[in-house]
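In the working numbering, the protein residues as written are 61 to 438. The beta-carbon is built from N, C-alpha and C at its ideal position, and this holds for glycine as well. Keep in mind it's a predicted model, so treat the numbers as computed, not measured.
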Ligand SMILES: C[S@@+](CC[C@H](N)C(=O)[O-])C[C@H]1O[C@@H](n2cnc3c(N)ncnc32)[C@H](O)[C@@H]1O
């Protein structure tokens with residue numbers, strides 16, 4: 061498998077890896093049939109990473125249905141196409157093995173969406189990707205996550221687009237996290253944390269870590285979410301796997317306003333003494349805003365002489381689904397913090413593939429995300 065891949069084929073590869081619905085993928089009709097067939101066989105079906113970390117069977121079923129339909133229709137229309145160019149039997153066999161996933165498992169009920177491995181390809185090299193692209197130099201981040209928006213009473217078992225947006229921002233400005241102690245609030249399945257630890261490991265590989273203990277503390281209120289996050293951080297295919305200083309801990313924002321619990325919260329924040337605080341898609345419930353802001357305020361307090369309060373900073377990526385909730389957060393935040401707004405991307409390009417949230421496009425989803433830099437007022 062050559063590492064050099066046409067950009068339109070790379071789009072299909074990363075779309076498949078990120079379980080993007082095939083109806084959104086673009087099939088390159090201008091590509092000769094045998095090149096497309098070779099790509100689907102070698103880069104998708106026989107890809108050793110996908111064998112180990114496969115998308116859900118239901119997703120694979122919809123992908124291969126789409127791919128086979130295109131291969132069959134182009135094989136009958138392409139000039140010069142020979143009888144020998146038949147679809148490889150392994151593709152049909154794989155598709156047939158997935159047929160049971162095309163229907164609800166119990167008649168009359170909707171089976172819950174399966175959990176799936178999801179892999180994101182990304183590059184820490186700035187600039188427009190070359191065409192063809194060298195996929196061997198790309199980073200990958202893999203997670204097992206839920207196929208449902210909410211499961212077991214939590215939204216934290218899957219990755220939300222705000223995490224991808226903040227990950228892209230931090231990849232573009234990696235000095236924010238590379239050499240730092242980072243605390244993440246509401247970590248969910250762990251995408252952002254895995255990207256942060258990858259950036260720290262890449263920096264370490266270049267011998268450019270100057271502090272003794274860059275690290276990452278991922279926190280969440282839901283135990284199953286923390287368990288999944290731990291599993292994802294430890295996947296051998298992720299660079300986070302070999303990071304010496306990652307932690308997953310229980311932290312409930314509500315404890316910041318609870319007299320009985322605020323002391324243990326403060327002692328945890330003191331122990332972490334984070335220089336950078338992150339949070340993605342953590343503002344969707346107006347009632348939790350005061351507690352969340354208080355946690356951020358406490359986390360940005362100076363706990364040691366080395367870490368001056370002015371240097372401590374939080375980055376929050378918020379998806380605006382409800383303008384009233386967002387302005388409630390912003391107005392309350394402006395009392396305690398100096399806020400700077402950042403663009404998700406300065407050149408309009410989004411480096412991740414992902415399914416859109418709702419009925420619009422991924423571009424619409426990303427357009428609703430706001431990145432706020434927050435520093436404590438003096
Ligand atoms: C929409 S999910 C976002 C997850 C992840 N940051 C992402 O963007 O993919 C919100 C996360 O906040 C967590 N959360 C909600 N309320 C919380 C609280 N009171 N304290 C700590 N975490 C909370 C949830 O468990 C969930 O993991």
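Asked: beta-carbon residue 314 near ligand 1 non-hydrogen atom, thresh 7 Å; Found: yes
Asked: Own chain partners of residue 326 with C-beta closer than 7 Å, once the 5 adjacent residues on each side are dropped; Found: 358
Asked: Whole-angstrom distance between residue 385 and residue 344, CA atom to CA atom; Found: 7 Å
Asked: Contact check, residue 450 vs residue 433, beta carbons under 8 Å; Found: Residue 450 is absent from the structure shown; the chain starts at 61 and stops at 438.
Asked: Cα-Cα separation, residue 472 to residue 387; Found: This structure cannot speak to residue 472, because the chain is shown only from 61 to 438.
Asked: Separation of residue 212 from residue 198, as counted between CA atoms; Found: 34 Å
Asked: Close-in-space but distant-in-sequence residues of the same chain around residue 406 (CB under 8 Å, 5 per side omitted); Found: 232
Asked: 6 Å Cβ shell around residue 299 - same chain, five flanking residues per side excluded; Found: 258 and 261
Asked: Residue 220: CB within 7 Å of a non-hydrogen atom of ligand 1; Found: yes
Asked: Neighbourhood of residue 105 by C-beta, 7 Å cutoff - its chain only, sequence neighbours within 5 removed; Found: 150, 151 and 154
Asked: Proximity winner among 111, 221, 216 and 123, relative to residue 404 (alpha-carbon distances); Found: 221
Asked: Closer than 7 Å: residue 127 CB and nearest ligand 1 heavy atom; Found: no
Asked: Coarse secondary structure for residue 310, derived from DSSP in three states; Found: strand
Asked: Integer-rounded CB distance, given that residue 284 should sit under 8 Å from residue 214; Found: 7 Å
Asked: Nearest neighbour of residue 126, chosen from 195, 438, 83 and 67 [CA to CA]; Found: 83
Asked: Beta-carbon proximity of residue 242 to residue 338, cut-off 8 Å; Found: yes
Asked: As assigned by DSSP and simplified to three states, the class of residue 193; Found: strand
Asked: Distance CB(residue 88)-CB(residue 68) smaller than 8 Å; Found: yes
Asked: Entirely enclosed beta strand (DSSP E) segments - the stretch 205-257, minimum 3 residues; Found: 241-245
Asked: Residue 73 versus residue 324: straight-line alpha-carbon distance, rounded; Found: 46 Å
Asked: Cβ-heavy atom distance, residue 280 to ligand 1, below 7 Å; Found: yes
Asked: Contact check, residue 162 vs residue 121, beta carbons under 8 Å; Found: yes
Asked: Nearest candidate by alpha-carbon position, reference residue 118, set 97, 147 and 160; Found: 160
Asked: Endpoints, beta strand (DSSP E) assigned at residue 104; Found: That residue, residue 104, is in no beta strand (DSSP E); it is neither H nor E in DSSP.
Asked: Range of the contiguous beta strand (DSSP E) that encloses residue 374; Found: 373-379
Asked: Reference residue 130, options 116, 115 and 147, closest by Cα; Found: 147
Asked: Heavy atom of ligand 1 within 7 Å of residue 311 beta-carbon; Found: yes
Asked: Secondary structure of residue 417, DSSP reduced to three states; Found: coil
Asked: CB contact flag (residue 79, residue 415, <8 Å); Found: yes
Asked: Assigned secondary structure, residue 120 (DSSP; H/G/I helix, E/B strand, else coil); Found: helix
Asked: Proximity to residue 81 [Cα-Cα], best of 178, 107 and 66; Found: 178
Asked: Range covered by the alpha helix (DSSP H) that runs through residue 77; Found: 67-77
Asked: Close beta carbons around residue 128, own chain, < 8 Å, minus the five adjacent residues each side; Found: 147, 151, 152 and 155
Asked: Burial state of residue 282 (16 or more Cβ within 10 Å); Found: buried
Asked: Residue 438, buried or exposed, once every other Cβ within 10 Å from all chains shown has been counted against 16; Found: exposed
Asked: Secondary structure of residue 355, DSSP reduced to three states; Found: helix
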